[in-house]
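To convert, count from 1 in the sequence shown and add 20; that's the numbering used here.
Note that the Cβ used here is the ideal one computed from N, Cα and C, for glycine as well.
This one's a predicted model, so the numbers in the text were calculated from it and none came from an experiment.
The next block holds one structure in the form of structure tokens; read it before the comments.
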Amino acid sequence: NIVTSYSCGPTDTTEALKLITEGVVRAEKLVTHRFPIEKTPEAFRLTAEARDSLKSVIVFD
């Protein structure tokens with residue numbers, strides 16, 4: 021599942037998923053940081069500061 025981190029309409033989400041699926045947008049290039057679940061507070065801090073990150077992902081192993 022893909023869950024957006026901001027509010028957008030269903031049409032926007034559908035179009036974004038289509039572009040990702042077709043390879044027009046390479047979503048993996050948007051992820052700048054990956055954090056294990058135990059570093060969730062650090063992930064939120066980094067994302068809130070929005071200086072050195074574009075999109076952070078919390079990884080569940």
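Beta-bridge annotation (DSSP): Phe55 is paired with Ile78. Nearest to Pro61 by C-alpha distance, out of Cys28, Val51, Thr31, Ile78, is Ile78.
By the Cβ rule, the region 41-59 counts as touching the region 70-77, because three or more pairs are nearer than 8 Å. For Asp32, the enclosing alpha helix (DSSP H) covers residues 30-41.
Gly29 and Ala47 have their C-alpha atoms spaced approximately 19 Å apart.
DSSP, reduced to helix, strand and coil, places Arg65 within a helical segment of the structure shown.
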